[in-house]
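Residue numbers (the numbering used here), protein chains in the order written: chain A, 3 to 164; chain B, 3 to 164. All C-beta atoms in this analysis are idealised placements derived from N, C-alpha and C, irrespective of residue type, glycine included. For clarity, every value in this text was computed on a predicted model and none was experimentally measured. This report concerns only the one structure given below.
Protein chains: 2
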Amino acid sequence: MKRKPSTEATAAWIRLMRVQSRVLDAVEQDLKKAGFPPLAWYDALLALSRAPSGEMRPVELEKHMLIPQYSTSRLIDRLVDEGLAARRECKIDKRGQFVEITEAGRELHRKMWSAYSAAIEKHVGSKLSDADAARLCGLLDRLGCSCDELQSPAERDGAPAR
Amino acid sequence: MKRKPSTEATAAWIRLMRVQSRVLDAVEQDLKKAGFPPLAWYDALLALSRAPSGEMRPVELEKHMLIPQYSTSRLIDRLVDEGLAARRECKIDKRGQFVEITEAGRELHRKMWSAYSAAIEKHVGSKLSDADAARLCGLLDRLGCSCDELQSPAERDGAPAR
DNA sequence: TCAAGATTGATGCAGCTGCATTTAGTGCGC
DNA sequence: GCGCACTAAATGCAGCTGCATCAATCTTGA
Chain A
3 MKRKPSTEAT
13 AAWIRLMRVQ
23 SRVLDAVEQD
33 LKKAGFPPLA
43 WYDALLALSR
53 APSGEMRPVE
63 LEKHMLIPQY
73 STSRLIDRLV
83 DEGLAARREC
93 KIDKRGQFVE
103 ITEAGRELHR
113 KMWSAYSAAI
123 EKHVGSKLSD
133 ADAARLCGLL
143 DRLGCSCDEL
153 QSPAERDGAP
163 AR
Chain B
3 MKRKPSTEAT
13 AAWIRLMRVQ
23 SRVLDAVEQD
33 LKKAGFPPLA
43 WYDALLALSR
53 APSGEMRPVE
63 LEKHMLIPQY
73 STSRLIDRLV
83 DEGLAARREC
93 KIDKRGQFVE
103 ITEAGRELHR
113 KMWSAYSAAI
123 EKHVGSKLSD
133 ADAARLCGLL
143 DRLGCSCDEL
153 QSPAERDGAP
163 AR
């Protein structure tokens, strides 16, 4: 073991870390300036709004967002505190629950997408041709050890991060 | 305003966020399992060890690492606590100081690079040909609004993240 | 020379994250 | 039916981050 990475691989690693960090910062900053909550909230609302009846088990949400269990739990707390989601009893499994997006949640989701999509266009879209964006996707996918993720409806909403 | 991003741009954004997060997690995890501190420590030690006499102003370090001032300040605290660096008085500017890497710091840096480079190879190098890695670099660079960063000595040490 | 402003670095506070543990409920095998 | 292992979710604690602010020092310009 201990095979060294090539300089190309190392350079790619550095870029991946730096560029992602900058772009994410820029986008989060834009959202914050527009008075919106962090991206994680958007992702959660997106997942919930796409669910069949606007509700979902926390465990499901966890898988969609790729964040740990306790993190999901606390994120839901915050969404509920803000009236963006509600906890509903789960009758078939009393350990569990359902989380349901509220009308306020759907509305925030829509408003955020407007600012969010503008930020994506500004910080990504405008810097890359569609063809290059596609090439970038292809290369990145090869790093995502099996970027399972379902998708994707070319629908009229959003993009999950993380 | 409010021009929508193309689906390609959006897809690239999603990949960038997800893949970076996964790869970073994987690498950090490998380092942690090997009993090493977080990557940020490595980056700081790298910057210090590259400095002319192994010392550097916190403000300089800040620029190298692209992290906020208070963050740098506290990172230095931790390095000093662990005996990896030492604060030295700055005679020409009494507000300031120099941070100097210690021998222990240099040694940790070397040991970490061994594990770190193996992780990069495992999670990046092995999944991409050199040519593809170079292509990826090129595409990412276009997103980094002016990925200034100096570099890069094809030397025998490491790669800064963030 | 001296006040106004900029720069360097530290710190109190609130919020978030990870880790480990806890509480509660399910379901399997005997 | 009962015990035991497993899953769902919450939580206490420690550490880290961002924000705002502070104290000390330096620089500039009238």
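With DSSP run on the structure shown, which of helix, strand or coil describes residue i?
| i | result |
| --- | --- |
| V101 of chain B | strand |
| E109 of chain B | helix |
| E62 of chain B | helix |
| A53 of chain B | coil |
| A36 of chain A | coil |
| E84 of chain A | coil |
| L145 of chain A | helix |
Going along the chain, which residues of its own chain have a beta-carbon closer than 8 Å to the beta-carbon of residue i, five neighbours each way excluded?
| i | result |
| --- | --- |
| T104 of chain B | G85, L86, A87, A88 |
| E57 of chain B | L50, R90, F100, V101, E102, I103 |
| R59 of chain A | C92, G98, Q99, F100, V101 |
| R80 of chain A | W43 |
| R108 of chain B | L47, S51, G56 |
Closer than 7 Å by beta-carbon distance: list the chain A residues that pair up with residue i, in chain order.
| i | result |
| --- | --- |
| I122 of chain B | P7, A11, T12, W15 |
| K129 of chain B | R144, L145 |
| S119 of chain B | K6, P7 |
At a CB-CB cut-off below 8 Å, which residues of chain A make contact with residue i?
| i | result |
| --- | --- |
| L138 of chain B | A14, R17, L18, L138, L141, L142 |
Kindly list, in the order they appear in chain B, the residues whose Cβ is closer than 7 Å to that of residue i.
| i | result |
| --- | --- |
| L48 of chain A | Simply none; closest approach about 11 Å. |
| L63 of chain A | None at all; the shortest Cβ gap to chain B is about 16 Å. |
For residue i, go through chain B and note every residue whose CB falls closer than 8 Å to its CB, in chain order.
| i | result |
| --- | --- |
| L169 of chain A | Given a span of 3 to 164 for chain A in the structure shown, any question on residue 169 of chain A remains unanswerable. |
| A135 of chain A | S8, E10, A11, A13, A14 |
Within its chain, find whatever has a CB closer than 6 Å to the CB of residue i; leave out the 5 residues flanking it on each side and keep chain order.
| i | result |
| --- | --- |
| H66 of chain B | A49 |
| V25 of chain A | H125 |
| M114 of chain B | F38, Y44 |
| T74 of chain B | P60, L63, E64 |
Which chain B residues sit within Cβ distance under 9 Å of residue i?
| i | result |
| --- | --- |
| L26 of chain A | L18, M19, Q22 |
| V82 of chain A | Within 9 Å Cβ-Cβ: nothing; V82 of chain A doesn't reach chain B, min ~25 Å. |
| D79 of chain A | Within chain B, no residue comes near D79 of chain A; the closest Cβ sits about 22 Å away, beyond 9 Å. |
In chain A, which residues lie less than 9 Å from residue i when you measure between Cβ atoms?
| i | result |
| --- | --- |
| D95 of chain B | Chain A residues near D95 of chain B: none, gap ~29 Å exceeds 9 Å. |
Leaving out five residues on either side along the sequence, give the residues of the same chain with a beta carbon under 7 Å from the beta carbon of residue i.
| i | result |
| --- | --- |
| A121 of chain A | V29, D32, L33 |
| D95 of chain B | none |
| V82 of chain A | A88, R89 |
Examine the ligand FMN and report whether any of its heavy atoms sits within less than 7 Å of the Cβ of residue i.
| i | result |
| --- | --- |
| T74 of chain A | No copy of the ligand FMN occurs in the structure displayed, which carries no ligand at all. |
Q) Quick one, which residues of the region 99-115 of chain B are near chain A if we go by CB-CB under 9 Å, in chain order? A) If the cut-off is 9 Å between Cβ atoms, the region 99-115 of chain B has nothing near chain A.
**Q.** Touch test, the region 95-102 of chain B against the region 121-141 of chain B, Cβ-Cβ under 8 Å, three pairs minimum
**A.** no
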